[in-house]
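2 protein chains.
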Amino acid sequence: MKNISAVLFLLVALAATSHATCFRNPLRLLTDDQSSHAECITSPIHLLRPKSGAGGHNVPQINCLSWRLAVETYNLRNWKLVPESCENYVGHYMLGKQYREDCDAVADIAIAYAKNLTLAGDGKEIWVFDIDETSLSNAPYYARSDVQFGAIPYNDTKFNAWVAEGVAPAVPGVLRLYKTLLSLGIKPVFISGTKEVYREVRISNLKNVGYRNWEKLILKGENDTGSAVVYKSNKRTELVEAGYRIVGNIGDQWSDLLGTNVGDRTFKVPDPMYFIG
Amino acid sequence: MKNISAVLFLLVALAATSHATCFRNPLRLLTDDQSSHAECITSPIHLLRPKSGAGGHNVPQINCLSWRLAVETYNLRNWKLVPESCENYVGHYMLGKQYREDCDAVADIAIAYAKNLTLAGDGKEIWVFDIDETSLSNAPYYARSDVQFGAIPYNDTKFNAWVAEGVAPAVPGVLRLYKTLLSLGIKPVFISGTKEVYREVRISNLKNVGYRNWEKLILKGENDTGSAVVYKSNKRTELVEAGYRIVGNIGDQWSDLLGTNVGDRTFKVPDPMYFIG
């Protein structure tokens, strides 16, 4: 089956590139909105690392589809790195159309749910959005040869430098959900683990790619300590205590969706690149 | 990409059949244990339903991989039927090796977690197992032409008649987890939505396929009303009140894994055939 997988990956890669309309947008993640407002992505896609088993042979394969399912279902927790043997798989998934379609499917389900809600009319219904790998995609960063889709250990300095560029594209399905919620009268609230020092660049990044109105943009202050679950639970609790009703909550990490006041319904978008506990 | 998918499905189907050693075991779900203790499955695999769009054309495709991911991540809830356009996909997934390997991956993760536990030595650590599509597989039933892997509405009478046969094979990865837990001193407790009237046949089915020792086998009594989440939460709470500590909990439905006293860690095995809320 390995040869079949290789052929499939090639076909997916070809399908992904044959529709590209902008050399500077290799990930096809920019929406119509963004193409007129944001810089195209200038980094080319680096070649994926060759297999590096002893003697040049392939390293023993784990079933990367099973690994990804375990990640997405929260069976696998506190994992540190994408397995080296799955780096190619994750790279092709993130750059190919399946990731885009998986995100679109989440958006479709969330939109159907939202359209079916009866709103109270007091403007207190909110929807919580995570930012990284939910509202904005860091795939251009993760595709870099020194990041390798999460198969190389996370580097805080490098990632923050990428955030400071403010050029992350939107995850298209999630932007569509965002716009639909606004049209329905459900107010978006961003809660992100990004530090406050990046507020201005995050705002410009969000606005440039099409996220233009929100009720709150909550970033991590100096006094916000503890795990992501605790931090995000605390912020959601503050919202509920302020009279808001969280009707929906979308994130790529289970730590976005577990804890207290998670919301009436939660939505998980895929992320096989990293885990935040 | 449709042709590629068709080729792939064919290859998976060929791979699945080329290793079959027993005509009466078309699903290759029997383990060594079972082949000596249980009857082989006598139903042949029926041909999957042809596409039935108007004019004989294919019905509009949804992305079945995205649909399955949405099911497994609990993004999609309270769904009634496998989409007709995904019936073939689900059938091939369930009969092919990916389902088996996905279950094996869950077992590997659960075993690694269990082996890392420090037990108190008082024999009060338990692991909760769901039965259907977790400990025992109903794939031979779901492969029938009048069931179509969940694309035809659930029929209580037919399903109960299948349960009464008592010939469901084990999900191999889960049986391996079960045996490992027993060897570690963690006691299995089955909690199933099966009605008490089927107790004897379920016991013989479980024992025949290799599940031979357990602390409790909890089935649904006449007074057990309410949703699966409420029923299973109540039963787990009774266990905790009796002094047991639930160190792990494995099921194919999110209703097995949500609610109260879910256990220190939960494990979701795949099930794209039906939803129980």
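Heads up: the protein sequence lines correspond to chains E and Y, in order. Numbered as in the UniProt record's numbering, the first sequence ends at 277 without a single skipped number. Numbered as in the UniProt record's numbering, the second sequence ends at 277 without a single skipped number. Beta carbons are placed, not taken as given, at the ideal position from N, Cα and C, and that holds for glycine.
Burial check for Pro153/E: the Cβ neighbour count within 10 Å stays below 16, so the residue is exposed.
Contact between the region 105-115 of chain E and the region 167-178 of chain E is present, with at least three C-beta pairs closer than 8 Å. Residue pairing from DSSP places Lys216/E in a beta bridge opposite Val189/E. When the Cα atoms are used, Asp122/E and Arg245/E turn out to be separated by approximately 10 Å. By the Cβ criterion, the region 139-146 of chain Y is not in contact with the region 70-77 of chain Y, since fewer than three pairs of Cβ atoms, one from each stretch, lie closer than 8 Å.
The beta carbon of Val201/E lies closer than 6 Å to those of Ala164, Gly166 in the same chain, with the five residues before and after it left out. At a cut-off of 8 Å between beta carbons, Val106/Y contacts chain E. For the pair Leu65/Y and Tyr99/E, the Cα-to-Cα distance works out to about 10 Å. The Cβ-Cβ distance between Gly173/Y and Val128/Y does not fall below 8 Å. One Cα belongs to Glu133/Y, the other to Gly193/Y, and the distance between them is close to 12 Å. Distance from the CA atom of Pro270/Y to the CA atom of Val90/Y, rounded to whole angstroms, is 11 Å.
Ala170/Y is classed as buried because its beta carbon has at least 16 other beta carbons within 10 Å across all chains shown. In this structure, Arg236/Y lies away from Gly248/Y, with their beta-carbon atoms at least 8 Å apart. For a Cβ distance threshold of 7 Å, residue set Glu72, Thr73, Lys268 of chain E lies close to Thr73/Y, ordered along the chain.
Contact note: Leu76/Y reaches chain E through Ile109, using a C-beta cutoff of 8 Å and chain order. Of the candidates Ile62/E, Gly251/E, Ala114/E, the residue whose Cα lies closest to the Cα of Glu87/E is Ile62/E.
Taking 4 residues as the shortest admissible run, the region 72-136 of chain Y contains the following complete alpha helix (DSSP H) segments, listed from N- to C-terminal end: 87-95, 97-115.
Any Cβ of chain Y closer than 8 Å to the Cβ of Glu101/E would place that residue at the interface, and such an atom is present. Residues of chain E whose Cβ lies closer than 7 Å to the Cβ of Gln98/Y are, in chain order, Leu65. Apart from sequence neighbours up to five positions away, no residue of its chain approaches Arg77/Y with a beta-carbon distance below 6 Å. Counting only residues of its own chain and dropping the five nearest sequence neighbours on each side, Ile131/Y has a CB closer than 6 Å to the CB of Phe190, Ser192.
From the listed residues Lys268/Y, Thr225/Y, Glu241/Y, the smallest Cα separation to Trp254/Y is found for Lys268/Y.
Beta-bridge pairing by DSSP links Ile250/E to Phe129/E, Phe267/E. For Ala170/Y, the three-state secondary structure derived from DSSP is strand. Nearest Cα to Ala114/Y within the set Leu184/Y, Pro272/Y, Ile276/Y: Leu184/Y. Shortest Cα-Cα distance from Ser227/E to any of Asn208/E, Val197/E, Glu241/E, Leu258/E involves Leu258/E. With fewer than 16 other beta carbons inside 10 angstroms of its own, Arg212/Y counts as exposed.
Excluding residues up to 5 positions away in sequence, Leu219, Gly221 lie with their Cβ nearer than 6 Å to the Cβ of Glu196/E in the same chain.
Cβ-Cβ separation between Phe149/Y and Met94/Y: approximately 6 Å, consistent with a contact (criterion under 8 Å).
Inclusion of Lys187/E and Glu125/E in the CB contact set at 8 Å is warranted, their separation being smaller than that value.
Val82/E is positioned such that its CB atom lies closer than 8 Å to that of Pro272/E. For Ile276/E, same chain residues with a beta-carbon under 6 Å away, outside a window of 5 residues either side, are Ala228, Gln253, Ser255 in chain order. Proximity of chain E to Leu117/Y at the Cβ level (cut-off 7 Å) is not reached, the minimal Cβ distance being about 15 Å. At least one beta carbon of chain E lies nearer than 8 Å to the beta carbon of Leu69/Y. Around the C-beta of Arg68/E, 16 or more other C-beta atoms lie within 10 Å, and the residue is accordingly described as buried.
Partner residues in a beta bridge of Arg202/Y, as assigned by DSSP, do not exist.
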